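Notes follow the structure.
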Amino acid sequence: MVCMEKVSIIQVGFGNAARIHREAFKRQGIPVENIIVIEKDPAKIIEAKKQGFRVFKSLNELNPRLLKKSILDICVPTAEHYSVLKEAVKLGAKKILVEKPMVSPEDVNKVRKLLREFDGRIVVNENYKSSVVTKEIKKQLRGKLPEIVVTEFSKNRRPDIERGRFIDKKLGAAGYEGPHQVVVASELAGAPIEIKEVKFEDMRLSDGTILPMQASVEIEYRSKRTDNTKLLSSMVGEIKHPTKPFKVMTALNDVKDPRHRYRILHVKADKGIEVIGIYEPIPGQPRSRASVWKFVKGIAEIRDRRLIDDSMGAHLRESIKFLAGEKKRNPYNPEKALKNVELLYSAVKKARESRQRVRRRR
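See below:
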(Lines of atoms letter the chains of each structure in order from A and count residues from 1; the text may use other names and numbers.)
(Lines give C-alpha, C1' and ligand atoms only; values in the text may rest on other atoms or scores of the structure.)
Protein backbone atom coordinates (compact mmCIF):
# COMPACT_ATOMS: atom_id res chain seq x y z
CA MET A 1 0.00 0.00 0.00
CA VAL A 2 1.30 3.45 -0.95
CA CYS A 3 1.61 5.70 2.09
CA MET A 4 0.12 8.97 0.87
CA GLU A 5 -2.93 11.16 1.28
CA LYS A 6 -6.03 10.58 -0.82
CA VAL A 7 -5.99 12.22 -4.23
CA SER A 8 -8.71 13.45 -6.57
CA ILE A 9 -8.18 12.74 -10.27
CA ILE A 10 -9.74 14.30 -13.37
CA GLN A 11 -9.32 12.06 -16.42
CA VAL A 12 -9.57 13.78 -19.79
CA GLY A 13 -10.68 11.01 -22.13
CA PHE A 14 -12.42 7.72 -21.39
CA GLY A 15 -10.57 5.31 -23.68
CA ASN A 16 -8.00 2.54 -23.23
CA ALA A 17 -5.28 4.76 -21.74
CA ALA A 18 -7.64 6.05 -19.04
CA ARG A 19 -8.77 2.50 -18.22
CA ILE A 20 -5.17 1.27 -17.96
CA HIS A 21 -4.37 4.14 -15.60
CA ARG A 22 -7.36 3.38 -13.36
CA GLU A 23 -6.37 -0.29 -13.19
CA ALA A 24 -2.81 0.69 -12.26
CA PHE A 25 -4.02 3.08 -9.54
CA LYS A 26 -5.95 0.21 -7.99
CA ARG A 27 -3.16 -2.35 -8.47
CA GLN A 28 -0.62 -0.06 -6.79
CA GLY A 29 -2.91 0.83 -3.91
CA ILE A 30 -2.93 4.53 -4.80
CA PRO A 31 -5.59 6.11 -2.55
CA VAL A 32 -7.85 7.73 -5.14
CA GLU A 33 -10.69 9.57 -3.44
CA ASN A 34 -12.69 10.10 -6.62
CA ILE A 35 -12.30 10.23 -10.40
CA ILE A 36 -14.11 12.74 -12.60
CA VAL A 37 -14.27 12.17 -16.36
CA ILE A 38 -14.06 14.77 -19.14
CA GLU A 39 -15.46 13.30 -22.36
CA LYS A 40 -17.28 14.57 -25.46
CA ASP A 41 -18.10 11.31 -27.23
CA PRO A 42 -21.78 10.43 -26.55
CA ALA A 43 -21.19 6.66 -26.41
CA LYS A 44 -18.27 7.04 -24.00
CA ILE A 45 -20.27 9.45 -21.84
CA ILE A 46 -23.00 6.82 -21.49
CA GLU A 47 -20.45 4.13 -20.63
CA ALA A 48 -18.66 6.32 -18.08
CA LYS A 49 -21.92 7.18 -16.34
CA LYS A 50 -22.91 3.50 -16.39
CA GLN A 51 -19.67 2.77 -14.51
CA GLY A 52 -20.58 5.35 -11.90
CA PHE A 53 -18.35 8.30 -12.90
CA ARG A 54 -19.33 11.96 -12.86
CA VAL A 55 -18.90 13.21 -16.41
CA PHE A 56 -18.41 16.69 -17.85
CA LYS A 57 -17.90 17.69 -21.47
CA SER A 58 -15.14 20.23 -20.85
CA LEU A 59 -12.77 21.50 -18.18
CA ASN A 60 -14.66 24.80 -18.28
CA GLU A 61 -17.59 23.13 -16.53
CA LEU A 62 -15.53 22.27 -13.45
CA ASN A 63 -15.24 24.28 -10.26
CA PRO A 64 -11.86 26.13 -10.54
CA ARG A 65 -10.90 25.10 -6.99
CA LEU A 66 -11.51 21.44 -7.84
CA LEU A 67 -9.36 21.72 -10.97
CA LYS A 68 -6.56 23.40 -9.03
CA LYS A 69 -6.37 20.78 -6.26
CA SER A 70 -6.94 17.69 -8.45
CA ILE A 71 -4.49 15.75 -10.60
CA LEU A 72 -5.33 16.19 -14.28
CA ASP A 73 -4.73 12.92 -16.15
CA ILE A 74 -4.62 13.60 -19.92
CA CYS A 75 -5.57 10.42 -21.80
CA VAL A 76 -6.79 11.74 -25.17
CA PRO A 77 -5.03 11.11 -28.53
CA THR A 78 -1.66 12.83 -28.92
CA ALA A 79 -2.98 15.34 -31.46
CA GLU A 80 -5.26 16.77 -28.75
CA HIS A 81 -2.63 17.07 -26.00
CA TYR A 82 -1.60 20.65 -26.72
CA SER A 83 -5.15 22.02 -26.80
CA VAL A 84 -5.98 20.27 -23.51
CA LEU A 85 -2.74 21.48 -21.89
CA LYS A 86 -3.37 25.02 -23.07
CA GLU A 87 -6.91 25.05 -21.67
CA ALA A 88 -5.82 23.40 -18.42
CA VAL A 89 -3.07 25.94 -17.75
CA LYS A 90 -5.41 28.81 -18.61
CA LEU A 91 -8.02 27.51 -16.16
CA GLY A 92 -5.52 27.12 -13.32
CA ALA A 93 -4.63 23.42 -13.23
CA LYS A 94 -1.47 22.87 -11.17
CA LYS A 95 -0.90 19.09 -11.27
CA ILE A 96 -0.79 17.52 -14.72
CA LEU A 97 -0.05 13.99 -15.90
CA VAL A 98 0.13 13.53 -19.68
CA GLU A 99 0.49 10.39 -21.79
CA LYS A 100 3.37 9.82 -24.21
CA PRO A 101 4.15 11.01 -26.85
CA MET A 102 3.75 14.29 -25.04
CA VAL A 103 2.61 16.22 -28.13
CA SER A 104 2.60 16.14 -31.91
CA PRO A 105 5.83 17.42 -33.53
CA GLU A 106 4.28 20.69 -34.70
CA ASP A 107 3.27 21.54 -31.12
CA VAL A 108 6.66 21.03 -29.44
CA ASN A 109 7.71 24.68 -29.35
CA LYS A 110 4.20 25.85 -28.45
CA VAL A 111 4.28 23.55 -25.43
CA ARG A 112 7.73 24.83 -24.45
CA LYS A 113 6.34 28.38 -24.46
CA LEU A 114 3.31 27.27 -22.47
CA LEU A 115 5.49 25.58 -19.85
CA ARG A 116 7.53 28.75 -19.34
CA GLU A 117 4.32 30.38 -18.12
CA PHE A 118 3.23 27.38 -16.01
CA ASP A 119 3.94 27.45 -12.27
CA GLY A 120 2.60 23.99 -11.41
CA ARG A 121 3.91 20.44 -11.79
CA ILE A 122 3.72 18.30 -14.92
CA VAL A 123 5.00 14.78 -15.53
CA VAL A 124 4.91 12.59 -18.64
CA ASN A 125 3.67 9.03 -18.25
CA GLU A 126 6.73 7.40 -19.81
CA ASN A 127 6.42 4.16 -17.88
CA TYR A 128 9.56 2.48 -19.25
CA LYS A 129 11.60 5.01 -17.28
CA SER A 130 10.51 3.02 -14.20
CA SER A 131 11.25 -0.42 -15.65
CA VAL A 132 12.99 -2.94 -13.38
CA VAL A 133 14.42 -4.64 -16.50
CA THR A 134 16.41 -1.59 -17.56
CA LYS A 135 17.77 -1.15 -14.04
CA GLU A 136 18.83 -4.81 -13.94
CA ILE A 137 20.66 -4.48 -17.27
CA LYS A 138 22.62 -1.49 -15.91
CA LYS A 139 23.43 -3.47 -12.79
CA GLN A 140 24.75 -6.44 -14.79
CA LEU A 141 27.04 -4.22 -16.87
CA ARG A 142 28.80 -3.32 -13.60
CA GLY A 143 29.82 0.13 -14.72
CA LYS A 144 31.08 -0.86 -18.17
CA LEU A 145 30.20 1.53 -20.97
CA PRO A 146 28.04 0.07 -23.74
CA GLU A 147 29.54 -0.41 -27.18
CA ILE A 148 26.29 -1.31 -28.95
CA VAL A 149 22.72 -0.67 -27.78
CA VAL A 150 19.79 -2.17 -29.69
CA THR A 151 16.15 -1.95 -28.73
CA GLU A 152 13.31 -3.60 -30.61
CA PHE A 153 9.63 -3.22 -29.77
CA SER A 154 7.60 -5.15 -32.33
CA LYS A 155 4.03 -6.42 -32.47
CA ASN A 156 1.65 -7.40 -35.25
CA ARG A 157 -0.77 -4.49 -35.07
CA ARG A 158 -2.14 -4.99 -38.59
CA PRO A 159 -5.65 -6.06 -37.41
CA ASP A 160 -5.93 -2.85 -35.33
CA ILE A 161 -4.48 -0.71 -38.11
CA GLU A 162 -7.02 -2.17 -40.55
CA ARG A 163 -9.66 -0.78 -38.16
CA GLY A 164 -8.01 2.64 -38.09
CA ARG A 165 -6.09 2.38 -34.80
CA PHE A 166 -2.36 3.02 -34.15
CA ILE A 167 -1.92 5.09 -37.32
CA ASP A 168 0.46 7.95 -36.57
CA LYS A 169 0.49 10.34 -39.53
CA LYS A 170 3.28 12.45 -38.03
CA LEU A 171 5.79 9.85 -36.80
CA GLY A 172 4.74 6.78 -38.77
CA ALA A 173 5.86 3.44 -37.32
CA ALA A 174 8.06 5.34 -34.84
CA GLY A 175 5.10 7.01 -33.17
CA TYR A 176 3.74 4.25 -30.97
CA GLU A 177 6.76 2.42 -29.53
CA GLY A 178 9.44 4.97 -30.48
CA PRO A 179 9.15 7.17 -27.37
CA HIS A 180 9.48 4.10 -25.12
CA GLN A 181 12.51 2.93 -27.07
CA VAL A 182 14.33 6.26 -26.86
CA VAL A 183 13.82 6.18 -23.08
CA VAL A 184 15.22 2.67 -22.51
CA ALA A 185 18.08 3.17 -24.97
CA SER A 186 19.03 6.48 -23.36
CA GLU A 187 19.26 4.84 -19.93
CA LEU A 188 22.25 2.86 -21.26
CA ALA A 189 23.55 4.85 -24.22
CA GLY A 190 22.96 8.35 -22.89
CA ALA A 191 21.18 11.16 -24.68
CA PRO A 192 20.87 10.97 -28.50
CA ILE A 193 23.25 13.22 -30.42
CA GLU A 194 23.00 12.60 -34.17
CA ILE A 195 20.94 10.37 -36.45
CA LYS A 196 23.08 8.30 -38.82
CA GLU A 197 20.67 6.13 -40.81
CA VAL A 198 16.89 5.79 -41.06
CA LYS A 199 14.70 3.29 -42.86
CA PHE A 200 10.89 3.17 -42.90
CA GLU A 201 8.74 0.59 -44.69
CA ASP A 202 5.24 1.20 -46.02
CA MET A 203 2.25 -0.93 -45.08
CA ARG A 204 -0.20 -2.38 -47.60
CA LEU A 205 -3.67 -2.98 -46.20
CA SER A 206 -5.95 -5.83 -47.29
CA ASP A 207 -7.87 -3.51 -49.62
CA GLY A 208 -4.65 -2.45 -51.35
CA THR A 209 -4.31 0.91 -49.58
CA ILE A 210 -0.70 1.94 -48.93
CA LEU A 211 0.08 3.57 -45.59
CA PRO A 212 3.42 5.35 -46.01
CA MET A 213 6.05 4.62 -43.35
CA GLN A 214 3.64 2.67 -41.12
CA ALA A 215 4.94 -0.94 -41.37
CA SER A 216 8.33 -0.65 -39.68
CA VAL A 217 11.19 1.66 -38.76
CA GLU A 218 14.94 1.34 -38.17
CA ILE A 219 16.83 4.28 -36.70
CA GLU A 220 20.58 4.31 -36.07
CA TYR A 221 22.10 7.20 -34.13
CA ARG A 222 25.07 8.36 -32.08
CA SER A 223 24.53 8.80 -28.35
CA LYS A 224 26.48 10.35 -25.53
CA ARG A 225 28.10 7.04 -24.53
CA THR A 226 28.21 5.10 -27.80
CA ASP A 227 28.20 5.67 -31.56
CA ASN A 228 26.06 2.58 -32.10
CA THR A 229 22.47 2.90 -30.91
CA LYS A 230 19.68 1.31 -32.91
CA LEU A 231 15.89 1.48 -32.58
CA LEU A 232 13.82 -1.13 -34.41
CA SER A 233 10.05 -1.49 -34.48
CA SER A 234 7.71 -3.51 -36.68
CA MET A 235 3.96 -2.93 -36.71
CA VAL A 236 3.44 -6.14 -38.72
CA GLY A 237 5.22 -8.53 -36.37
CA GLU A 238 8.44 -9.05 -38.35
CA ILE A 239 11.30 -9.39 -35.89
CA LYS A 240 14.39 -7.47 -37.00
CA HIS A 241 16.80 -8.36 -34.19
CA PRO A 242 16.44 -11.92 -32.85
CA THR A 243 18.65 -12.51 -29.81
CA LYS A 244 20.05 -15.61 -28.11
CA PRO A 245 17.03 -15.95 -25.76
CA PHE A 246 14.85 -15.80 -28.88
CA LYS A 247 16.30 -19.15 -29.95
CA VAL A 248 15.59 -20.70 -26.54
CA MET A 249 12.29 -19.08 -25.55
CA THR A 250 10.30 -20.40 -28.50
CA ALA A 251 7.16 -18.49 -27.51
CA LEU A 252 8.92 -15.30 -28.65
CA ASN A 253 8.94 -16.67 -32.19
CA ASP A 254 5.17 -16.30 -32.45
CA VAL A 255 5.22 -12.51 -32.64
CA LYS A 256 3.00 -12.73 -35.75
CA ASP A 257 0.21 -13.55 -33.29
CA PRO A 258 -1.44 -10.12 -32.68
CA ARG A 259 -1.65 -10.93 -28.96
CA HIS A 260 2.13 -11.19 -28.60
CA ARG A 261 4.89 -8.60 -28.35
CA TYR A 262 8.65 -8.68 -28.78
CA ARG A 263 10.16 -5.93 -26.63
CA ILE A 264 13.87 -6.23 -25.92
CA LEU A 265 16.93 -4.20 -25.01
CA HIS A 266 20.25 -5.73 -26.07
CA VAL A 267 23.50 -4.18 -24.82
CA LYS A 268 27.03 -5.22 -25.77
CA ALA A 269 30.08 -4.10 -23.81
CA ASP A 270 33.78 -5.00 -23.99
CA LYS A 271 35.26 -8.40 -23.04
CA GLY A 272 32.39 -10.17 -24.79
CA ILE A 273 29.71 -9.07 -22.34
CA GLU A 274 26.11 -9.04 -23.58
CA VAL A 275 23.05 -8.29 -21.45
CA ILE A 276 19.57 -8.78 -22.87
CA GLY A 277 16.36 -7.65 -21.25
CA ILE A 278 12.99 -8.98 -22.36
CA TYR A 279 10.20 -6.66 -21.26
CA GLU A 280 6.78 -7.86 -20.29
CA PRO A 281 4.48 -9.28 -21.50
CA ILE A 282 6.25 -12.52 -22.41
CA PRO A 283 3.97 -15.00 -24.22
CA GLY A 284 2.77 -17.72 -21.86
CA GLN A 285 3.90 -15.82 -18.74
CA PRO A 286 1.95 -13.67 -16.24
CA ARG A 287 1.42 -10.08 -17.46
CA SER A 288 4.16 -8.42 -15.37
CA ARG A 289 6.76 -11.19 -15.80
CA ALA A 290 9.99 -10.05 -17.51
CA SER A 291 13.40 -11.64 -18.05
CA VAL A 292 17.10 -10.74 -18.14
CA TRP A 293 19.92 -12.77 -19.67
CA LYS A 294 23.68 -12.22 -19.51
CA PHE A 295 26.33 -13.77 -21.76
CA VAL A 296 30.10 -13.58 -21.50
CA LYS A 297 31.85 -14.58 -24.72
CA GLY A 298 28.73 -16.40 -25.84
CA ILE A 299 28.26 -18.44 -22.66
CA ALA A 300 25.21 -17.80 -20.48
CA GLU A 301 26.20 -16.43 -17.07
CA ILE A 302 22.61 -15.47 -16.20
CA ARG A 303 19.88 -17.50 -17.84
CA ASP A 304 16.31 -16.24 -17.80
CA ARG A 305 16.37 -14.29 -14.53
CA ARG A 306 12.67 -13.72 -13.89
CA LEU A 307 11.58 -10.28 -12.73
CA ILE A 308 8.25 -8.72 -11.83
CA ASP A 309 8.11 -5.48 -13.78
CA ASP A 310 4.91 -3.48 -13.40
CA SER A 311 6.50 -0.43 -14.99
CA MET A 312 3.15 1.25 -15.68
CA GLY A 313 2.01 0.91 -12.09
CA ALA A 314 5.37 1.91 -10.65
CA HIS A 315 5.66 4.98 -12.87
CA LEU A 316 2.11 6.15 -12.15
CA ARG A 317 2.70 5.66 -8.42
CA GLU A 318 5.84 7.82 -8.51
CA SER A 319 4.11 10.37 -10.76
CA ILE A 320 1.15 10.74 -8.39
CA LYS A 321 3.51 11.15 -5.42
CA PHE A 322 5.42 13.85 -7.30
CA LEU A 323 2.26 15.69 -8.34
CA ALA A 324 0.86 15.44 -4.81
CA GLY A 325 4.01 17.13 -3.49
CA GLU A 326 5.24 14.06 -1.62
CA LYS A 327 8.29 13.61 -3.84
CA LYS A 328 10.71 16.22 -5.18
CA ARG A 329 12.13 14.40 -8.21
CA ASN A 330 10.04 14.42 -11.39
CA PRO A 331 9.84 10.80 -12.71
CA TYR A 332 9.92 12.07 -16.31
CA ASN A 333 10.06 15.77 -17.02
CA PRO A 334 8.40 17.33 -20.09
CA GLU A 335 11.59 18.66 -21.70
CA LYS A 336 12.99 15.13 -22.05
CA ALA A 337 9.71 14.00 -23.60
CA LEU A 338 9.74 16.94 -26.04
CA LYS A 339 13.30 16.11 -27.11
CA ASN A 340 12.23 12.51 -27.75
CA VAL A 341 9.49 13.74 -30.09
CA GLU A 342 12.01 15.99 -31.87
CA LEU A 343 14.43 13.09 -32.35
CA LEU A 344 11.78 10.83 -33.86
CA TYR A 345 10.42 13.57 -36.09
CA SER A 346 13.92 14.38 -37.35
CA ALA A 347 14.18 10.69 -38.33
CA VAL A 348 10.90 10.97 -40.23
CA LYS A 349 12.11 14.09 -42.06
CA LYS A 350 15.40 12.41 -42.93
CA ALA A 351 13.55 9.41 -44.36
CA ARG A 352 11.20 11.62 -46.39
CA GLU A 353 14.10 13.61 -47.83
CA SER A 354 15.80 10.36 -48.83
CA ARG A 355 12.65 9.18 -50.58
CA GLN A 356 12.34 12.47 -52.43
CA ARG A 357 15.93 12.18 -53.70
CA VAL A 358 15.21 8.68 -54.97
CA ARG A 359 12.08 9.89 -56.81
CA ARG A 360 14.00 12.76 -58.45
CA ARG A 361 16.58 10.31 -59.83
CA ARG A 362 13.90 8.25 -61.58
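Following our numbering, the numbering of the sequence shown begins with -15 at its first residue and continues without gaps.
Heads up, the beta-carbon is just placed ideally off N, CA and C, and yes, glycines get one too.
Here the structure is a predicted model, which means the values were calculated and not measured.
Residue burial classification, A331 (beta-carbon count within 10 angstroms, cutoff 16): As a working mapping, residue 331 is identified with position 347 in the sequence shown. Around the beta carbon of A331, 16 or more other beta carbons sit within 10 angstroms, so the residue counts as buried.
DSSP three-state assignment for E326, whether helix, strand or coil: To locate residue 326, count along the sequence shown from 1; it is residue 342. Helix at E326.
Buried/exposed call for S347, threshold 16 Cβ in 10 Å: This structure does not reach residue 347, given that the chain is present from -15 up to 346, and the question cannot be answered.
Buried or exposed (CB count within 10 angstroms, at least 16 for buried), E258: Taking the first residue of the sequence shown as 1, we reach residue 258 at position 274. With 16 or more other Cβ atoms within 10 Å, it is buried.
beta-carbon S170 near the ligand ATP non-hydrogen atom, thresh 7 Å: No copy of the ligand ATP appears in this structure; indeed no ligand is present at all.
Pick from F137, R301 and V182 that is closest to H250, judged by C-alpha positions: Taking the sequence shown and counting its residues from 1, one reaches residue 250 at position 266. Comparing Cα positions, the closest option is F137.
N- and C-terminal bounds of the alpha helix (DSSP H) containing D144: Position 160 of the sequence shown, counted from the first residue, corresponds to residue 144. First-last of the alpha helix (DSSP H) with D144: R142 to E146.
G282 classed as buried or exposed, judged by whether at least 16 other C-beta atoms fall within 10 angstroms: The residue given as residue 282 occupies position 298 in the sequence shown. Here G282 is exposed: its Cβ has fewer than 16 other Cβ atoms, across all protein chains shown, within 10 Å.
Proximal residues to M296 (C-beta, below 6 Å), its chain only, five neighbours per side dropped: The residue labelled residue 296 in the question sits at position 312 within the sequence shown. For M296, the CB contacts under 6 Å within the same chain, skipping 5 residues up- and downstream, are A8 and N111 in chain order.
Separation of E71 from L43, as counted between CA atoms: Translated into positions along the sequence shown, residue 43 becomes position 59. Translated into positions along the sequence shown, residue 71 becomes position 87. Spanning the two alpha carbons is a distance of roughly 8 Å.
Endpoints, the beta strand (DSSP E) within which G261 is located: Reading the sequence shown from its first residue, position 277 is the one you call residue 261. Here the beta strand (DSSP E) through G261 covers I257 to I262.
Beta strand (DSSP E) segments (min. 3 residues) lying fully within the segment 30 to 94: As far as the segment 30 to 94 is concerned, its whole beta strand (DSSP E) runs of at least 3 residues are 38 to 40, 55 to 58 and 79 to 83.
Sheet register partners of P176 (DSSP bridge): As a first step, residue 176 must be located in the sequence shown, where it is residue number 192. The beta-bridge partner set that DSSP reports for P176 consists of S207.
R245 and P270 closer than 8 Å at C-beta: Walking along the sequence shown from the start, residue 245 turns up at place 261. Walking along the sequence shown from the start, residue 270 turns up at place 286. Cβ distance not < 8 Å, so R245 and P270 don't count as in contact.
Cβ contact check for the segment 172 to 179 and the segment 207 to 218: 3 or more pairs under 8 Å: As far as the Cβ criterion goes, the segment 172 to 179 touches the segment 207 to 218, which means the pair count is three or higher.
Option nearest V(-4) by Cα separation, candidates S114, P61 and P15: By one-based count along the sequence shown, residue -4 stands at place 12. Among S114, P61 and P15, the Cα nearest to that of V(-4) belongs to P61.
Within 8 Å, strictly: CB atoms of Y263 and R247: For the purposes of this step, residue 263 is taken as the residue at position 279 of the sequence shown. For the purposes of this step, residue 247 is taken as the residue at position 263 of the sequence shown. Their beta carbons are under 8 Å apart, which means Y263 touches R247 by this criterion.
Buried versus exposed call for K97 [16 or more other C-beta atoms within 10 Å across all chains shown]: Residue numbering aside, residue 97 sits at position 113 when the sequence shown is read from its first letter. Exposed, by the Cβ-count rule.
From A199, L328, F(-2) and N317, residue whose alpha carbon lies closest to that of V39: Against the sequence shown, residue 39 aligns to sequence position 55. Nearest option by C-alpha distance: F(-2).
Beta carbon of V16 nearer than 8 Å to that of V(-9): Reading the sequence shown from its first residue, position 32 is the one you call residue 16. Reading the sequence shown from its first residue, position 7 is the one you call residue -9. Their beta carbons are under 8 Å apart, which means V16 touches V(-9) by this criterion.
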